[in-house]
Amino acid sequence: MQRVIVGQDETIRDLLTALVAGGNVLLEGVPGLAKTLTVRTLAACTACSFARIQFTPDLLPSDITGTTVYRQHDGVFSLVKGPVFHNIVLADEINRAPPKVQSALLEAMQERQVTIQGETCVLPDPFFVLATQNPIESEGTYPLPEAQTDRFLFKLIMDYPGVEDEVEILDRFAARTEVAPACVLTVPELQNIQATARAVRADPAVREYATRIVDATRHPDIYALKTGEYIEWGASPRATISLVLGAKARALLEGRTYIVPHDIKAVAHNALRHRILLTYTADACGVRSDAIIDEVLGVVEVP
């Protein structure tokens, strides 16, 4: 993927970690950072089917899940599956569609199945959703509520490329050079990797470490967090699960069959930043959840 995507090595690594962990990703970044190209390349490298859904205010739930169509020649209704029936789905600008449409996709993410006209249809395996949202525009958007964002394994922040990387992007554009992605993994191989990641060993001490990190976001007074006054609600139990699943995937990608505290720390920001609800004071003072996570990692004792 790094042959195709320039200057987003960290994002690529985190996407692969989420894919191996079997979770979904909420990706935040300004337009023009190659979000669509990144996901399309990921699908090509893993031989997974790919679909892109452009979320708009007039989108309907059936545009995502599918519908039934009456066939006049034989008088029966046939099922027409929507774009959600692909291995990798890019939900572009998910916050531009109304909550009813957002819920249709998020329910599919959670249940791994959809119901169309009373018929339950199982989604393909593996199933990976990457939803994007633009942080600089708020007009005409429907922000995802906390209960919905909690269903994403990771929230990634995609930043601008460095100067050298942007020069390379410019050179490729000027020369009209396009590097075709190579398929390096089949779908059955990816399924085996995901199963192997779930079997990675997590020592009880490391599991307790992950639990204490999440607990610190709920009880900042007990852990004497200086930023505790900015926390409205702490992270849910899904956060602990995401920490451990992400750490297992990261350990496997680094060639280990066990996780260490460093793995928990490495995925903590991605797994927690969208699960900590901040107060209005935090917003007014410019305090972000990443700063709170930094302090939590500094005060919770490492086993």
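Quick note on our numbering: the sequence shown kicks off at 0 and runs consecutively.
Glycine residues also receive a C-beta, built at the ideal position from the N, C-alpha and C atoms.
Excluding the 5 residues preceding and the 5 following residue i in the sequence, name in chain order all residues of the same chain whose CB lies nearer than 6 Å to its CB.
i: Val301; result: Pro260
i: Gln109; result: Arg150
For a test of the three-state rule: what should DSSP assign to residue i, helix, strand or coil?
i: Ser77; result: strand
i: Thr67; result: strand
i: Ala194; result: helix
i: Lys225; result: coil
i: Ile263; result: helix
i: Ile240; result: helix
i: Ala96; result: coil
i: Glu106; result: helix
i: Tyr159; result: coil
i: Tyr279; result: helix
i: Arg200; result: strand
i: Val295; result: helix
i: Thr10; result: helix
i: Val183; result: coil
i: His273; result: coil
As a quick exercise: from the options, pick the residue whose alpha carbon is nearest that of residue i.
i: Thr278; options: Gly245, Leu242 and Gly227; result: Gly227
i: Ala267; options: Val299, Thr256 and Thr280; result: Val299
i: Ala223; options: Leu276, Ile291, Arg237 and Ile275; result: Ile291
i: Arg272; options: Ser241, Glu177, Glu92 and Leu252; result: Ser241
i: Ile305; options: Val24, Leu25 and Glu92; result: In the structure displayed, the chain extends from 0 to 302; residue 305 sits before or after that span and is not available.
i: Asp62; options: Pro82, His72 and Cys44; result: Pro82
i: Gln132; options: Asp124, Gly117 and Thr148; result: Thr148
For residue i, which residues does DSSP report across the bridge?
i: Gln112; result: Val121
i: Thr131; result: Leu26
i: Ala50; result: Val88
i: Lys154; result: Leu25
i: Tyr257; result: Arg200
In chain order, what residues of the same chain have a beta carbon less than 7 Å from the beta carbon of residue i, not counting five sequence neighbours either side?
i: Ile4; result: Ile11, Ala33, Leu36, Thr37 and Thr40
i: Pro60; result: Lys99, Val100 and Ala103
i: Asp262; result: Ala246, Arg249 and Ala250
i: Phe126; result: Asn86 and Arg111
i: Lys264; result: Leu296
Between residue i and the rest of its own chain, which residues show a CB-CB distance below 8 Å, the 5 nearest in sequence each way excluded?
i: Gln112; result: Thr119, Cys120, Val121 and Leu122
i: Ile135; result: Val29
i: Ile275; result: Thr216, Ile230, Trp232, Gly233, Ala234, Ser288, Ile291 and Ile292
Just curious, the beta strand (DSSP E) that residue i is in, first and last residue?
i: Val24; result: Val24 to Glu27
i: Ile4; result: Segment: none, Ile4 is in no beta strand (DSSP E) and carries neither H nor E.
i: Leu89; result: Ile87 to Asp91
i: Ile230; result: Ile230 to Trp232
May I ask which residues mark the beginning and end of the alpha helix (DSSP H) holding residue i?
i: Ala209; result: Pro203 to Arg217
i: Phe172; result: Val162 to Ala174
i: Leu38; result: Rather than Leu, the amino acid found at residue 38 in this sequence is Val. Element bounds for Val38: Lys34 to Cys44.
i: Glu145; result: Glu145 to Thr148
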